[in-house]
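Engineer:
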Amino acid sequence: MLEKILGILQPEKSFDLVCRNTEIAGRRCALLFVDGMIKDEVMEKMLEYFLKLAPSVWEDVPDMQSFTRRIIPYVEVADEDRLEAACTAILSGNLGLFIEGFSACALVDVRTYPVRGVEEPEKDKVLRGSRDGFVETVVFNTALIRRRIRDPKLVMSIQSAGESSHTDIVVCYMEDRADLELVGRIKERISHIQVQGLTMSQESLAEALISTKWHNPFPKTRYTERPDTASAALLEGRIVVLVDNSPSAMILPSGIFDFFREADDYYFPPITGTYLRITRIVIFLLTLFLTPLWLLLVEHSQWIPPWLAFIGVSEPNGVPILAQLLVLEFAVDGLRMASTNTPSIMSNSLSIIGALLLGDFAVQSGWFVPETILYAAFTAIANYAQPSLELGFAFKFARLGLLILTGCFGLWGFLGG
0 MLEKILGILQ PEKSFDLVCR NTEIAGRRCA LLFVDGMIKD EVMEKMLEYF
50 LKLAPSVWED VPDMQSFTRR IIPYVEVADE DRLEAACTAI LSGNLGLFIE
100 GFSACALVDV RTYPVRGVEE PEKDKVLRGS RDGFVETVVF NTALIRRRIR
150 DPKLVMSIQS AGESSHTDIV VCYMEDRADL ELVGRIKERI SHIQVQGLTM
200 SQESLAEALI STKWHNPFPK TRYTERPDTA SAALLEGRIV VLVDNSPSAM
250 ILPSGIFDFF READDYYFPP ITGTYLRITR IVIFLLTLFL TPLWLLLVEH
300 SQWIPPWLAF IGVSEPNGVP ILAQLLVLEF AVDGLRMAST NTPSIMSNSL
350 SIIGALLLGD FAVQSGWFVP ETILYAAFTA IANYAQPSLE LGFAFKFARL
400 GLLILTGCFG LWGFLGG
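Its first residue numbered 0, the sequence shown is counted upward by one per residue in numbering that gives the first Met the number 0.
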């Protein structure tokens with residue numbers, strides 16, 4: 000079996016694939032592993048133990064299954080006689096042990112991955128509550144959930160997807176609360192995913208789990224990087240999907256109002272949490288309707304009552320209001336992308352330059368009127384009042400469409416949009 004696996008993996012072409020030949024109780028054997036993905040101290044102790052074994056040990060060990068059960072002093076160990084499964088396990092970080100005369104190999108789970116600390120996510124911060132968050136290692140993420148829900152009804156089923164990546168996917172659910180029919184459909188769709196890999200994000204998985212039209216910008220599932228949020232969703236009967244190499248958990252099913260939830264809503268008294276959620280919804284609706292409605296009133300100033308005369312344009316210029324609003328929408332996105340790709344040492348300079356370009360200089364040059372900058376700035380800030388980036392972009396696309404319809408067709412365009 001070793002020769003066949005060496006022919007598939009070809010360690011002579013990859014420096015990080017290590018094949019160590021040795022002997023155990025007078026019988027030739029080989030260790031195959033990926034350098035940097037195993038615990039060296041554990042492997043050294045196992046080698047010391049194997050070198051002390053006497054040749055008589057083979058009298059009661061006819062096959063690899065007996066060897067793994069009786070001889071290997073480790074908890075997470077299994078025998079494997081399938082070539083593809085053994086190759087995938089070794090590339091995942093398991094230690095492969097091959098012994099002369101045995102048709103199977105032993106897979107010892109001594110994996111260790113480079114991983115960052117369990118710290119509070121940058122996006123899902125709270126004023127009160129736990130400060131831990133999911134990381135890129137799926138085993139750590141399941142442990143964070145299991146620590147909060149110590150119930151035997153909590154099921155964590157693991158599968159893999161991706162013809163090249165073989166990414167681990169864990170489906171978590173409460174057996175007595177979740178929709179088991181939905182759980183079955185999710186597992187079936189995961190098993191039939193036809194992709195090369197899930198190395199970059201979970202969007203390929205979301206597309207496979209929830210079929211929808213490509214031009215629909217609204218999110219299909221809710222994401223969170225907080226273990227307490229995922230645990231609360233499980234206790235509500237929802238399904239949580241974890242993907243290895245991703246710090247985000249998918250929560251299924253999800254409704255539109257679920258995207259307005261935050262952990263702070265549950266760490267404060269009920270009346271405070273309700274107020275925060277209602278405020279979040281109202282502000283987010285303003286991001287959709289504020290600039291189109293203001294554009295409609297500016298173009299039909301006779302509709303503005305006297306007590307609201309201050310919302311009009313004080314000093315009109317030659318640039319149409321619709322064009323100003325559209326340019327500002329794209330300018331804000333440009334600044335956001337620039338801030339993401341700017342080194343931290345230059346972030347303050349970028350903020351000052353952006354404020355000057357979109358503020359005083361833009362007004363003095365006659366590109367914009369102050370009112371358009373005010374309403375566009377409010378919309379840009381309010382767009383981040385809710386935790387879902389996907390929903391924020393969906394409402395942005397809807398706002399752009401409503402702006403164009405209102406600018407082209409007036410009241411009928413606004414009502415139709």
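Using N, Cα and C, we set each Cβ at its ideal position, and we do this for glycine too.
For a quick check, are the C-beta atoms of LEU153 and ARG146 less than 9 Å apart?
Structural biologist: Working through the sequence shown from its first residue, we reach residue 153 at position 154. Working through the sequence shown from its first residue, we reach residue 146 at position 147. No.
Engineer: Using 10 angstroms around the beta-carbon of TRP293, count the other beta-carbons present and answer buried if the total reaches 16, otherwise exposed.
Structural biologist: Here the question's residue 293 lines up with position 294 in the sequence shown. Looking at its Cβ environment, which holds 16 or more other Cβ atoms inside 10 Å, TRP293 is buried.
Engineer: What residue range does the beta strand (DSSP E) around SER338 cover?
Structural biologist: For this step, residue 338 is matched to residue 339 along the sequence shown. From DSSP, SER338 is part of no beta strand (DSSP E) but of the alpha helix (DSSP H) over 320 to 340.
Engineer: At the level of alpha carbons, what is the spacing between GLY311 and THR273?
Structural biologist: Start at 1 with the first residue of the sequence shown, and residue 311 comes out as number 312. Start at 1 with the first residue of the sequence shown, and residue 273 comes out as number 274. Each residue's alpha carbon lies about 34 Å from the other.
Engineer: Would you say the region 156 to 176 touches the region 296 to 305, given that touching needs at least three Cβ pairs under 8 Å?
Structural biologist: Touching, no.
Engineer: Quick check on DSSP: helix, strand or coil for LEU251?
Structural biologist: Counted from its first residue, the sequence shown places residue 251 at position 252. LEU251: strand per DSSP, three-state reduction.
Engineer: Any idea if GLN363 is buried or exposed, counting beta-carbon neighbours within 10 angstroms, 16 or more meaning buried?
Structural biologist: Against the sequence shown, residue 363 aligns to sequence position 364. When all chains shown are included, GLN363 counts as exposed.
Engineer: DSSP three-state label for GLY406, please.
Structural biologist: Sequence index remark: in the sequence shown, residue 406 carries index 407 (1-based). Reduced to three states, the DSSP call for GLY406 is helix.
Engineer: Given 8 Å as the limit, is there contact between the region 228 to 236 and the region 124 to 131, that is, 3 or more CB pairs closer than that?
Structural biologist: no
Engineer: Nearest by alpha-carbon distance to PRO315: which of GLN193, VAL109, ASP39 and PRO369 is it?
Structural biologist: Counting from one through the sequence shown, the residue named residue 315 turns up at place 316. Ranking the options by Cα distance to PRO315, first place goes to PRO369.
Engineer: Whose C-beta lies closer than 8 Å to the C-beta of SER300 among residues of the same chain, with five residues either side of it excluded?
Structural biologist: Position 301 of the sequence shown, counted from the first residue, corresponds to residue 300. Here the set comprises GLY311.
Engineer: Using a Cβ-Cβ cutoff of less than 6 Å, which residues in the same chain neighbour SER156 once the five nearest sequence positions on both sides are dropped?
Structural biologist: Along the sequence shown, one-based indexing puts residue 156 at 157. The answer, listed in chain order, is VAL170.
Engineer: Sorted by chain position, which residues of the same chain lie with C-beta nearer than 7 Å to ALA105's C-beta, five sequence neighbours on each side aside?
Structural biologist: On the sequence shown, position 106 is the one that residue 105 refers to. Excluding positions up to five away in sequence, the list reads MET63, PHE66, THR67, ILE71, VAL76, ASP78 and LEU96.
Engineer: Using a Cβ-Cβ cutoff of less than 7 Å, which residues in the same chain neighbour GLU47 once the five nearest sequence positions on both sides are dropped?
Structural biologist: Counting from 1 along the sequence shown, the entry for residue 47 is found at position 48. Answer for GLU47: no residue qualifies.
Engineer: Let me confirm a value: ALA85 is counted as buried when at least 16 other C-beta atoms fall within 10 Å, else exposed. Which label applies?
Structural biologist: Here the question's residue 85 lines up with position 86 in the sequence shown. It counts as buried.
Engineer: Based on Cα-Cα distance, which residue from LEU31, HIS165 and ALA322 lies nearest to ASP243?
Structural biologist: For the purposes of this step, residue 243 is identified with residue 244 of the sequence shown, where counting begins at 1. For the residues LEU31, HIS165 and ALA322, the minimum Cα distance to ASP243 belongs to HIS165.
Engineer: Please list the segments of the alpha helix (DSSP H) lying wholly inside the region 164 to 231, counting only runs of 4 or more residues, in order along the chain.
Structural biologist: 179 to 190 and 202 to 208
Engineer: Considering just the uninterrupted stretch of the alpha helix (DSSP H) at SER156, what are its terminal residues?
Structural biologist: Numbered from its first residue, the sequence shown carries residue 156 at position 157. Element bounds for SER156: not the alpha helix (DSSP H) but the beta strand (DSSP E), 153 to 160.
Engineer: Less than 8 Å between the CB atoms is what I'm expecting for ILE168 and ILE148, so what's the real figure, rounded?
Structural biologist: Indexing the sequence shown from 1 puts residue 168 at position 169. Indexing the sequence shown from 1 puts residue 148 at position 149. That pair is no contact at about 19 Å.
Engineer: Using C-beta distances below 8 Å, list every residue in its chain close to ASP150, excluding the 5 sequence neighbours before and after it, in chain order.
Structural biologist: Within the sequence shown, residue 150 is the residue found at index 151, counting from 1. Within the same chain, ASP150 has close Cβ partners MET173.
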